[in-house]
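Be aware that the sequence shown starts at 1469, since it is given in the numbering used here, and climbs by one per residue.
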Amino acid sequence: MSSATLTKHKPWTDRQLESLPDDGQKYGAICVRLILLVATFVHRRKLGEVYDSSTGFRVSEDILLSPDVSFVSKARLKKVFRAPDKFLLGAPDLAIEVLSPSDTVEAIHRKLDLYFEHGTRLVWVINWKLEQVHIYRPDSIEALTRPFDVLAADKVLPGFKCRLNQIFPKSPR
1469 MSSATLTKHK
1479 PWTDRQLESL
1489 PDDGQKYGAI
1499 CVRLILLVAT
1509 FVHRRKLGEV
1519 YDSSTGFRVS
1529 EDILLSPDVS
1539 FVSKARLKKV
1549 FRAPDKFLLG
1559 APDLAIEVLS
1569 PSDTVEAIHR
1579 KLDLYFEHGT
1589 RLVWVINWKL
1599 EQVHIYRPDS
1609 IEALTRPFDV
1619 LAADKVLPGF
1629 KCRLNQIFPK
1639 SPR
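Okay, here's the thing in structure tokens:
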């Protein structure tokens, strides 16, 4: 996951930057594919806004979440407004986190807790190395592990569906 939980304007350390995926090209391509898939669906239906990792969601005075990809519905956009520091106040409806090598199980669970504590309805955790997606809802977890498994967004994005092979296409040889 990207640096999803930051405290009070804390800059990244050299170590944190160096811990980003060695295969930045593949990691970045996964993020771009996810943004394209979700944003195309959202904008065609005028459902809200899709953001990349440069958008921060301030959920408390000292906690800022910045998922790799996020969706905020029209209804939530009316409640989530820009804070004085230019971040959005509140959490997204859908948060998509792409794992990085430095992520620990504890850190992932803490992020999930923070998302759900502040109103996020759905989180996708993308393991690009294993080509898996874990779908987290406040009351359940589901894993997608095969190329033709279908990723859906339930009530958050009704009708959205894509196969894992759209996110993790095989590289041309």
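Just so you know, even glycine gets a beta-carbon here, dropped at the ideal spot from N, CA and C.
### Task
Grab me the residues of I1631's own chain with a C-beta within less than 8 Å of its C-beta, minus the 5 sequence neighbours each way, in chain order.
Taking the first residue of the sequence shown as position 1, residue 1631 is located at position 163. It is Arg, not Ile, that sits at residue 1631 in the sequence shown. Contacts found: P1615, F1616, D1617, V1618 and L1619.
### Query
If you follow the alpha helix (DSSP H) that E1585 is part of, which residue opens it and which one closes it?
Within the sequence shown, residue 1585 is the residue found at index 117, counting from 1. Element bounds for E1585: V1573 to E1585.
### Message
Taking DSSP's pairing of strands, which residues face W1596 in a bridge?
### Response
As a working note, residue 1596 is residue 128 in the sequence shown. Per DSSP, none; premise fails for W1596.
### Query
Does the Cβ-Cβ distance between V1591 and L1598 come in under 9 Å?
Position 123 of the sequence shown, counted from the start, is the residue given in the question as residue 1591. Position 130 of the sequence shown, counted from the start, is the residue given in the question as residue 1598. Cβ distance not < 9 Å, so V1591 and L1598 don't count as in contact.
### Message
Let me confirm a value: E1565 is counted as buried when at least 16 other C-beta atoms fall within 10 Å, else exposed. Which label applies?
### Response
For this step, residue 1565 is matched to residue 97 along the sequence shown. Flag for E1565 reads buried.
### Query
Which residue's Cα is closest to the Cα of P1626: G1516, V1500 and P1569?
Working through the sequence shown from its first residue, we reach residue 1626 at position 158. For the residues G1516, V1500 and P1569, the minimum Cα distance to P1626 belongs to G1516.
### Task
Keeping to the same chain, check which residues put their C-beta closer than 8 Å to that of F1636; ignore five residues upstream and five downstream.
Here residue 1636 is taken as the residue at index 168 of the sequence shown, counted from 1. For F1636, the CB contacts under 8 Å within the same chain, skipping 5 residues up- and downstream, are I1498, W1596, E1599 and P1615 in chain order.
#### Entry: Reference A1563, options G1524, R1513 and D1607, closest by Cα
To locate residue 1563, count along the sequence shown from 1; it is residue 95. For A1563, the nearest C-alpha among the options comes from G1524.
### Query
So which of G1558, I1594, H1586 and D1622 has the shortest CA-CA distance to P1440?
As shown, the chain starts at 1469 and ends at 1641. That puts residue 1440 outside it, with no answer to give.
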